[in-house]
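For what it's worth, our numbering labels the leading residue of the sequence shown as 3, then goes sequentially. Note that beta-carbon positions come from the ideal geometry of N, C-alpha and C, so glycine has one too.
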Amino acid sequence: MKLHPPEKALSLPPPITLIPTERNGRQSYRLISSDQLQDDFFDSWSHQLSKKRSKRTTKIYSEYNKVFLELLQQITYQEKGLTPILLAQTIDSYESFLVFGTDSDIPMIQKAAYVLGDRHLSGSSVGVALAALNHFIDASERLRLGLIELEIQGYIASKSLSGFSLAQTVSIESPKNVRAAIKANSWLAGCLAGGARRVKRKGLSSISKPSSLANTDMYGGDEFAFPIDKCMELIQSTTCRRDRMLWSLLAACGARVSEALTMLWKDIKPEVESEFNRVLIVDPTTRRNVLIKYLSESEINSLPHKGRAHPETFLIEPFASMFWIALEEYKTGLRKQHYLAPVTHDFLVRNLKNGDPMHNSYQALYERFRKAALRVTGKAYGFHSLRHMYGYYLTNHCPNPNPHSNRRYGLDLNTVQKLMGHKLSKTTKRYARQDAHLLQATLAAANLARLTGGPKSVLEARIAFHQQEIKQLQQLALEAA
Numbered sequence: 003m004k005l006h007p008p009e010k011a012l013s014l015p016p017p018i019t020l021i022p023t024e025r026n027g028r029q030s031y032r033l034i035s036s037d038q039l040q041d042d043f044f045d046s047w048s049h050q051l052s053k054k055r056s057k058r059t060t061k062i063y064s065e066y067n068k069v070f071l072e073l074l075q076q077i078t079y080q081e082k083g084l085t086p087i088l089l090a091q092t093i094d095s096y097e098s099f100l101v102f103g104t105d106s107d108i109p110m111i112q113k114a115a116y117v118l119g120d121r122h123l124s125g126s127s128v129g130v131a132l133a134a135l136n137h138f139i140d141a142s143e144r145l146r147l148g149l150i151e152l153e154i155q156g157y158i159a160s161k162s163l164s165g166f167s168l169a170q171t172v173s174i175e176s177p178k179n180v181r182a183a184i185k186a187n188s189w190l191a192g193c194l195a196g197g198a199r200r201v202k203r204k205g206l207s208s209i210s211k212p213s214s215l216a217n218t219d220m221y222g223g224d225e226f227a228f229p230i231d232k233c234m235e236l237i238q239s240t241t242c243r244r245d246r247m248l249w250s251l252l253a254a255c256g257a258r259v260s261e262a263l264t265m266l267w268k269d270i271k272p273e274v275e276s277e278f279n280r281v282l283i284v285d286p287t288t289r290r291n292v293l294i295k296y297l298s299e300s301e302i303n304s305l306p307h308k309g310r311a312h313p314e315t316f317l318i319e320p321f322a323s324m325f326w327i328a329l330e331e332y333k334t335g336l337r338k339q340h341y342l343a344p345v346t347h348d349f350l351v352r353n354l355k356n357g358d359p360m361h362n363s364y365q366a367l368y369e370r371f372r373k374a375a376l377r378v379t380g381k382a383y384g385f386h387s388l389r390h391m392y393g394y395y396l397t398n399h400c401p402n403p404n405p406h407s408n409r410r411y412g413l414d415l416n417t418v419q420k421l422m423g424h425k426l427s428k429t430t431k432r433y434a435r436q437d438a439h440l441l442q443a444t445l446a447a448a449n450l451a452r453l454t455g456g457p458k459s460v461l462e463a464r465i466a467f468h469q470q471e472i473k474q475l476q477q478l479a480l481e482a483a
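Rendered as structure tokens:
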């Protein structure tokens with residue numbers, strides 16, 4: 003039963019604030035709340051996270067966990083205290099808050115959502131939020147086990163560190179920093195009381211889940227993938243040589259824009275025979291000693307990079323040819339540029355006004371791409387739509403060289419995973435979506451077809467596919483007669 007909105011605003015507990023901070027050249031986040039223990043733990047957790055994850059992941063995880071702590075604080079305020087059962091219920095109901103909010107069937111979640119506001123997150127965003135909370139809970143469990151070990155070894159003494167009640171203060175004789183840490187009504191104290199159970203994904207409705215099918219339009223595009231038959235027009239629409247080079251590169255190899263912005267000139271390897279041309283995507287963490295020549299340590303630590311299983315890329319036509327042409331035009335333009343200060347870095351993508359690297363200039367580049375995409379397609383696509391397009395093409399329309407496969411077009415998941423550089427196949431599945439209109443479609447933008455007069459569009463490719471299927475069925479019927 004849905005609750006009626008309160009006639010007047012519910013009173014709020016003290017606000018929780020998230021503040022970006024930098025420590026040892028790495029950006030992390032500090033929490034400011036009424037719970038000092040919680041704040042100290044969050045600060046330590048975020049800093050440790052920044053050592054292993056990208057700047058973007060640290061930011062997203064910290065922001066989502068702030069949302070959870072705000073929810074927990076509001077529920078604690080509503081229920082006039084926190085108990086282990088209430089903590090467990092809040093964790094279990096977190097997804098309901100993120101997806102349904104004031105439409106939730108859980109009264110305490112409804113009530114909290116009226117105060118905190120609705121999120122209405124999609125399935126993929128909920129997955130990230132729960133992964134962030136799981137990471138946070140795991141850290142608290144490691145702390146709990148560590149304190150238990152200290153108690154066993156006699157370094158600290160408590161009434162029952164592994165199972166104390168939140169209704170009473172736990173006395174710890176030493177050391178002082180541990181003694182001062184644990185108190186009633188603390189989120190961390192609740193976790194330390196027995197370890198918070200990890201959040202398990204519950205079944206979301208199909209609206210909240212990313213679809214495994216690509217319901218593309220006649221140009222091969224959908225809400226995720228840029229329409230492949232409009233991509234050439236998009237690239238040709240810009241008069242900026244740098245943008246033409248960057249866009250054709252992303253379309254040809256399916257790279258993330260963050261990967262392209264950290265490429266060095268030596269990662270581009272043209273050969274005398276064009277079929278041997280290569281583009282490498284190198285993880286910045288593997289060449290920090292090189293990047294320190296151009297960037298500060300904090301800038302290197304802030305480089306967004308999800309990591310790849312290998313640096314090799316697979317370039318698809320016609321975008322590969324467009325890239326190599328655009329690259330030469332870009333080089334010519336750079337040679338004509340006159341900057342006030344000499345360029346002292348080797349990054350491929352440069353600011354055309356001052357020659358600076360653009361590893362931190364995503365927004366400016368994104369706005370140019372979004373506006374161009376809107377003019378060409380009528381939709382506001384982002385750079386990542388080219389990576390989805392690349393995965394969609396490999397899965398559905400790329401000629402299959404495997405003679406033993408029953409598919410003439412479309413590569414298997416393991417092959418697509420390797421070509422996209424993913425470490426896990428479950429990551430590839432978000433991009434390798436089967437075409438809902440034609441699971442075994444013919445070439446939509448095939449390398450040879452575009453260059454030798456074959457089907458020029460997805461629609462023509464589908465017609466050609468069905469015509470070929472009819473011929474094969476007719477031949478089978480004759481043989482069976």
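Inter-residue Cα distance where the pair is Ile-108 and Phe-99: As a working mapping, residue 108 is identified with position 106 in the sequence shown. As a working mapping, residue 99 is identified with position 97 in the sequence shown. Answer to the nearest angstrom: the Cα atoms are 9 Å apart.
Taking C-alpha atoms, which residue in Thr-59, Arg-377, Met-110 and Tyr-96 lies nearest to Gln-80? As a working note, residue 80 is residue 78 in the sequence shown. Of the candidates Thr-59, Arg-377, Met-110 and Tyr-96, the residue whose Cα lies closest to the Cα of Gln-80 is Met-110.
Which of helix, strand or coil does DSSP assign to Ser-95? The count along the sequence shown starts at 1 and reaches residue 95 at position 93. Residue state, collapsed to three classes: coil.
Which term fits His-312, buried or exposed, when burial requires 16 or more other beta carbons within 10 angstroms of its beta carbon? What you label residue 312 is simply residue 310 of the sequence shown in a count that begins at 1. Taking every protein chain shown into account, the CB of His-312 has fewer than 16 other CB atoms within 10 angstroms, so this residue is exposed.
With distances taken from CA atoms, which of Asp-45, Leu-236 and Val-130 is nearest Glu-24? Against the sequence shown, residue 24 aligns to sequence position 22. The shortest Cα separation from Glu-24 among Asp-45, Leu-236 and Val-130 belongs to Asp-45.
Enumerate in chain order the residues of its own chain whose CB-to-CB distance from Gln-477 is below 8 Å, with the five nearest sequence positions on each side excluded. If you number the sequence shown from 1, residue 477 lands on position 475. Within the same chain, no residue comes within 8 Å of Gln-477 by CB-CB distance, once the 5 residues on both sides are set aside.
On the criterion of 16 or more Cβ atoms from any shown chain inside 10 Å, does Thr-60 qualify as buried, or is it exposed? Counted from its first residue, the sequence shown places residue 60 at position 58. Thr-60 should be labelled buried.
Locate the alpha helix (DSSP H) running through Leu-33, then write down its first and last residues. For the purposes of this step, residue 33 is taken as the residue at position 31 of the sequence shown. No alpha helix (DSSP H) holds Leu-33; the beta strand (DSSP E) holding it covers 28 to 34.
Close-in-space but distant-in-sequence residues of the same chain around Leu-20 (CB under 7 Å, 5 per side omitted): The residue labelled residue 20 in the question sits at position 18 within the sequence shown. Around Leu-20, the same chain offers Tyr-31, Leu-33, Ser-64, Glu-65 and Lys-68 as residues with beta carbons nearer than 7 Å, after the five sequence neighbours per side are excluded.
Leu-282 in three-state terms, based on DSSP: The sequence position of residue 282 within the sequence shown is 280, counting from 1. Strand at Leu-282.
Please state whether the Cβ-Cβ distance between Met-247 and Ala-141 is less than 7 Å. Residue 247 sits at position 245 when you count from the first residue of the sequence shown. Residue 141 sits at position 139 when you count from the first residue of the sequence shown. Taking 7 Å as the cut-off, the Cβ atoms of Met-247 and Ala-141 do not count as close.
Could you tell me which uninterrupted alpha helix (DSSP H) segments, each at least 4 residues in length, are contained entirely in the region 298 to 340, listed from first to last along the chain? Taken in chain order, the complete alpha helix (DSSP H) segments of 4 residues or longer contained in the region 298 to 340 are 299 to 303 and 321 to 338.
How about the region 360 to 374 and the region 275 to 284: do they share at least three Cβ pairs that are nearer than 8 Å? At 8 Å Cβ cutoff, the stretches do not touch.
Starting from Thr-241 and walking both ways along the beta strand (DSSP E), at which residues does that stretch end? Position 239 of the sequence shown, counting from 1, holds the residue named residue 241. Run containing Thr-241: none; DSSP gives neither H nor E here.
Residues sharing a beta bridge with Tyr-411, DSSP: Position 409 of the sequence shown, counting from 1, holds the residue named residue 411. Pro-401, per the DSSP bridge assignment.
Roughly how many angstroms separate the alpha carbons of Thr-78 and Asn-362, rounded to a whole number? The sequence position of residue 78 within the sequence shown is 76, counting from 1. The sequence position of residue 362 within the sequence shown is 360, counting from 1. Near 40 Å, if we compare the C-alpha coordinates of Asn-362 and Thr-78.
Identify every residue that forms a DSSP beta bridge with Ile-21. Reading the sequence shown from its first residue, position 19 is the one you call residue 21. Answer is Arg-32.
Residues bridged to Pro-359 [DSSP beta-bridge criterion]: The residue labelled residue 359 in the question sits at position 357 within the sequence shown. Residue pairing by DSSP puts Pro-359 in a beta bridge opposite Arg-352.
Buried or exposed: Ala-254, going by 16 or more other Cβ atoms within 10 Å of its Cβ? As a working note, residue 254 is residue 252 in the sequence shown. Its Cβ being crowded by 16 or more others within 10 Å, Ala-254 is buried.
For the alpha helix (DSSP H) holding Met-110, just list the boundary residues, first then last. Taking the sequence shown and counting its residues from 1, one reaches residue 110 at position 108. From DSSP, the alpha helix (DSSP H) with Met-110 extends over 109 to 118.
Span separating the alpha-carbon of Phe-321 from that of Leu-421: Here residue 321 refers to the residue found at position 319 of the sequence shown. Here residue 421 refers to the residue found at position 419 of the sequence shown. Rounded to whole angstroms, Phe-321 to Leu-421 spans 16 Å at the Cα level.
On the three-state DSSP scale, how would you describe Leu-248? For this step, residue 248 is matched to residue 246 along the sequence shown. Leu-248 sits in a helix when the DSSP states are folded into three classes.
Considering only residues of the same chain and omitting the five flanking positions on each side of Ala-134, which have a CB-CB separation below 6 Å? Numbered from 1 along the sequence shown, position 132 holds the residue referred to as residue 134. Residues of the same chain with a CB within less than 6 Å of the CB of Ala-134, apart from the 5 flanking positions on each side, are Tyr-63, Tyr-66 and Asn-67 in chain order.
Please determine if the region 224 to 241 and the region 385 to 392 are in contact, where contact requires at least 3 C-beta pairs separated by less than 8 Å. Yes, the region 224 to 241 is in contact with the region 385 to 392.
Confirm the yes/no value for this check: CB of Trp-326, any heavy atom of the ligand COA, distance under 6 Å. Judged by which ligands are present, the structure shown has none, so any question about the ligand COA falls away.
Below 8 Å, how does it come out for the region 261 to 268 and the region 344 to 354: are there three or more Cβ pairs, yes or no? By the Cβ rule, the region 261 to 268 counts as touching the region 344 to 354, because three or more pairs are nearer than 8 Å.
8 Å contact criterion, which Ile-18 and Leu-51 should meet: CB distance rounded: To locate residue 18, count along the sequence shown from 1; it is residue 16. To locate residue 51, count along the sequence shown from 1; it is residue 49. About 18 Å separates the two Cβ atoms, so there is no contact after all.
Own chain, CB closer than 7 Å to Gly-27, minus 5 neighbours either side, in chain order: Counting from one through the sequence shown, the residue named residue 27 turns up at place 25. Around Gly-27: Glu-299, Ser-300 and Asn-303.
Can Leu-73 and Ala-114 be called in contact, C-beta distance under 7 Å? In the sequence shown, counting from the first residue as 1, residue 73 sits at position 71. In the sequence shown, counting from the first residue as 1, residue 114 sits at position 112. Taking 7 Å as the cut-off, the Cβ atoms of Leu-73 and Ala-114 count as close.
Can you tell which of Ser-407, Lys-473, Gln-419 and Leu-293 has the C-alpha that lies nearest to the C-alpha of Arg-310? Counting from one through the sequence shown, the residue named residue 310 turns up at place 308. In this structure, Gln-419 is the residue among Ser-407, Lys-473, Gln-419 and Leu-293 with its C-alpha nearest to the C-alpha of Arg-310.
Lys-473 in three-state terms, based on DSSP: In the sequence shown, residue 473 corresponds to position 471, counting from 1. Here Lys-473 sits in helix by DSSP.
Is the distance from the Cβ of Pro-401 to the Cβ of Tyr-411 below 7 Å? Along the sequence shown, one-based indexing puts residue 401 at 399. Along the sequence shown, one-based indexing puts residue 411 at 409. For Pro-401 and Tyr-411, yes; Cβs fall inside 7 Å.
How is Ile-139 classed by DSSP in three states: helix, strand or coil? The count along the sequence shown starts at 1 and reaches residue 139 at position 137. Residue state for Ile-139 is assigned as helix, using DSSP reduced to three classes.
With distances taken Cα to Cα, identify the nearest neighbour of His-340 among Trp-326, Lys-355 and Lys-271. In the sequence shown, residue 340 corresponds to position 338, counting from 1. When Trp-326, Lys-355 and Lys-271 are compared, the shortest CA-CA separation from His-340 is found for Lys-355.
How would you label Arg-146, buried or exposed, when you count the other beta carbons within 10 angstroms and need 16 or more for buried? Sequence index remark: in the sequence shown, residue 146 carries index 144 (1-based). Buried, because 16 or more other Cβ atoms sit within 10 Å of the Cβ of Arg-146.
Exposed or buried, which one is Pro-286 when buried takes at least 16 other CB atoms within 10 Å? One-based indexing of the sequence shown puts residue 286 at position 284. The residue in question, Pro-286, is buried, as its Cβ has 16 or more Cβ neighbours within 10 Å.
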